[in-house]
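Trainee: Chains A and H supply the protein sequences, listed in that same order.
Numbering follows the working numbering, in which position 120 of the first sequence is assigned residue number 120; successive positions increment by one, without gaps.
Position in the second sequence counted from 1, then plus 295, gives you the working numbering.
Idealized CB from N, CA, C, for every residue including glycine.
Here's a structure for you.
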Amino acid sequence: MKEIVVISGKGGTGKTSLTASFAMLGGKNLVVADCDVDAADMHLLLQPVVKTEEDFHSGYVAVIDKEMCVDCGECAAVCRFEAISLVENHYTVSALNCEGCGYCARICPVGAIAMEEQNVGKLYVSDTKANNIMVHARLRSGADNSGKLVARAKKEAMQIARKTGKEFVIVDGSPGIGCPVVSSLSGADFVVLVTEPTVSGLHDLKRVYELVNRFRIAAGCIINKADLNADIATQIKAYLRENNIILISDLPYDEAFTAAMTMGQTIVEYDAGKLAELLSASWNMILQIITKEQQ
Amino acid sequence: MKIAIASGKGGTGKTTLSTNLAVYLAEQHHVVLTDLDVEEPNSGLFIHGRQTHGQDMFKLIPNWDKAACFLCGKCQEVCSFHAVMKLGSMVMVFPELCHSCHACSELCPAQALPMQAVKMGELRQYQAGKLDFIESRLDVGQEQAVPLIAQSLEFVDKNFASTCIKLYDAPPGTSCPVIKATQDADLVILITEPTPFGLHDLKLAIETMREMQKAFVVVVNRFGIGNDEVLRYCEAENIQVLAKLPNDRHIAELYSRGELIYPHIPEFAAQLRLIGDFITNHQGGHL
């Protein structure tokens, strides 16, 4: 079983639209995991029917017992996150700022601070219209620990794939290079980088690939909206060659991406023409690459 | 006045709006634009100024002093992040897991874990006319954006008067980096696109802003694509839509080359003016 992770560095390059199309093309051979837990959108295209859901607890938040508190202020003095301050003459925790380190609870002389486990979101296992099983999550707004939720969603997807004998897990990752992205890369067999020929697209591609390269994972790249700027598309291709990143495909700037999304469809459902052909060829190429790696 | 530009969904135009708005407002006002999308900072690709300052940014990580340590294991016990571990006769520190809470260091009875500065990124300052531009850039491999965002905000507060217009280009999403980047703002501009993804992520962003009790307004980008659900939602929720930036392939091409949009596209400039007027009308006053 192989794990394919789709990331982009920059947001809005078409990552989710492409991953959902690959999920359609891969059908019952794969488990799909939406690990862009901050802004999980894939369910809008794959219309999953939820089979199971569970609360996800991770991290802690300090809670001061007002009855026991003697307002000595030692907690506020040790807190490095400005999470404890005087509100109407009583020390109060701002849950948004609390990192859950528990330092305050350890040093409170009267034992008035408890560390409470936080419910940071929900994890779902669903059936999609593409006949795949989908693992998706919803992070409670403003919650911390998205990296851990990503790790949990991936683990669930891998377990399901193993149990049900699926060949692939495809993961839709987050933008950026921080903890959710690092979490999504751990254990991956192949990374699909989605970029666009803009100054930002190229800049962000280089940074995210630097991260991928640290994990020594083989990577391929899809250049979306490739005809938007021929010069930068050429620069991207040169960068790919220098770094042994496989060019999977060039996709045209096409508002069909938006039109399909507006109808709640993947691109391969919406467009039966050239774009669908290109996506189908891209998916076949990804499969070829990872099967070759297996040998 | 502090204004954060945030979005929920990535790629909706945060950087386009931040850079165009900053340069436009700086035609008349002292503006400080800070790129807080430290994982993938892009504003600098559109702002061309003279570098006036640069510094490495550090976070504090415990550093094991073998000679002083008598292996009591207190450090491991007090670390909530499994960043310090006693393994046999060694103590190992895992910097990428450390949140710099200082608990292990200060509670160590032997003072064997002094905090040591470790580089996490860089901050650079540029000047272009009345615009000061600050870019913070997380080193690749560093996982936590929040400490760098927090220090960048402190830098701006310390170095610029509260009378200037401070714009913050926030990271995408709704989790901790976004909270940090928008926490001090007087106003948050949420930029979205009129598509199902745009609407879905806008709702999450609004939920977050409401929890934080932030004043916010919406700007719709690529207006003309998708459908009118975003506008209908904002109307039903009584949320002000400040401007509708047009959808135009020419805009996408200008962006792709790292150029500002408003000097070339009058329709874009007209909408940008609406946002600029809103900000200058509220400057110094209450929202």
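Could you tell me whether the Cβ atoms of residue 525 of chain H and residue 489 of chain H are closer together than 8 Å?
Mentor: Closer than 8 Å, so yes.
Trainee: Would you decide whether residue 409 of chain H is buried or exposed? Buried here means 16 or more other CB atoms lie within 10 Å of its CB.
Mentor: exposed
Trainee: Which chain H residues sit within Cβ distance under 9 Å of residue 87 of chain A?
Mentor: Correct list: empty, because the minimum Cβ distance to chain H is about 14 Å.
Trainee: What ranges does the alpha helix (DSSP H) occupy inside the region 91-121 of chain A, keeping only unbroken runs of at least 4 residues that lie completely in it?
Mentor: 103-107
Trainee: Can you tell me whether residue 199 of chain A is buried or exposed? The criterion is at least 16 other CB atoms within 10 Å of its CB, across all chains shown.
Mentor: buried
Trainee: Are there 16 or more other CB atoms within 10 angstroms of the CB of residue 581 of chain H, so buried, or fewer, so exposed?
Mentor: At residue 581 of chain H the pLDDT is 49, less than 50, meaning the model places this residue with poor confidence; the figure from the coordinates comes in the next sentence. Result: exposed.
Trainee: Should the region 173-193 of chain A be regarded as contacting the region 37-53 of chain A, the criterion being three or more beta carbon pairs within less than 8 Å?
Mentor: yes
Trainee: Comparing the C-beta of residue 429 of chain H with each C-beta of chain A, is any distance below 8 Å?
Mentor: Closer than 8 Å: no.
Trainee: Does chain H have any CB closer than 8 Å to the CB of residue 245 of chain A?
Mentor: no
Trainee: Distance, Cα to Cα, residue 126 of chain A vs residue 311 of chain H?
Mentor: 37 Å
Trainee: Helix, strand or coil for residue 475 of chain H, going by three-state DSSP, please let me know.
Mentor: helix
Trainee: How about residue 492 of chain H: is its C-beta nearer than 8 Å to some C-beta of chain A?
Mentor: yes
Trainee: Residues in its own chain within less than 8 Å of residue 474 of chain H by CB, not counting five upstream and five downstream?
Mentor: 503 and 507
Trainee: Do three or more CB pairs link the region 420-439 of chain H to the region 195-211 of chain A at distances below 8 Å?
Mentor: yes
Trainee: Which of the three DSSP states, helix, strand or coil, is assigned to residue 431 of chain H?
Mentor: Strand.
Trainee: From H/518, H/555 and H/479, pick the residue whose C-alpha is nearest to that of residue 446 of chain H; which is it?
Mentor: H/479
Trainee: By DSSP's criteria, residue 124 of chain A is part of a beta bridge. Which residues make up the other side?
Mentor: Bridge partners of residue 124 of chain A according to DSSP: A/53 and A/136.
Trainee: Across which residues does DSSP place residue 387 of chain H in a beta bridge pair?
Mentor: Partner(s): H/380.
Trainee: What in chain H is Cβ-close to residue 203 of chain A, meaning under 7 Å?
Mentor: 337 and 340
Trainee: By Cβ distance below 7 Å, which residues in the same chain neighbour residue 422 of chain H in space, the five residues on each side in sequence not counted?
Mentor: 344, 345 and 347
Trainee: Looking only at its chain, what residues have a beta carbon closer than 7 Å to the beta carbon of residue 21 of chain A, apart from the 5 residues adjacent to it on each side?
Mentor: 266, 267, 268 and 279
Trainee: Quick one: is residue 228 of chain A near chain H, going by C-beta distance under 8 Å?
Mentor: At least one C-beta of chain H is nearer than 8 Å to the C-beta of residue 228 of chain A.
Trainee: Can you pull the chain H neighbours of residue 179 of chain A, defined as C-beta to C-beta under 7 Å?
Mentor: 438 and 439
Trainee: Closest to residue 137 of chain A by C-alpha separation, out of A/130, A/120, A/128 and A/129, would be which residue?
Mentor: Residue nearest to residue 137 of chain A within the set A/130, A/120, A/128 and A/129 is A/120 (criterion: CA-CA distance).
Trainee: By DSSP, does residue 552 of chain H sit in helix, in strand, or in coil?
Mentor: coil
Trainee: Under 7 Å, CB to CB, which of the residues in the region 92-122 of chain A have a partner in chain H?
Mentor: 96, 99, 100, 101, 102, 103 and 106
Trainee: With distances taken Cα to Cα, identify the nearest neighbour of residue 12 of chain A among A/289, A/258 and A/286.
Mentor: A/258
Trainee: Would residue 277 of chain A be called buried (16 or more neighbouring beta carbons within 10 Å of its own) or exposed?
Mentor: exposed
Trainee: Within 10 angstroms of its Cβ, does residue 372 of chain H collect 16 or more other Cβ (buried), or is it exposed?
Mentor: exposed
Trainee: Whole angstroms are fine: how far does the CA of residue 8 of chain A sit from the CA of residue 569 of chain H?
Mentor: 33 Å
Trainee: Run down chain A in chain order and give the residues with a C-beta less than 7 Å from the C-beta of residue 548 of chain H.
Mentor: The contacting residues are 228 and 229.
Trainee: Closer than 7 Å by beta-carbon distance: list the chain H residues that pair up with residue 210 of chain A, in chain order.
Mentor: 435
Trainee: On a Cα-Cα basis, can you pick out the residue from A/262, A/43, A/244 and A/103 that is closest to residue 130 of chain A?
Mentor: A/43
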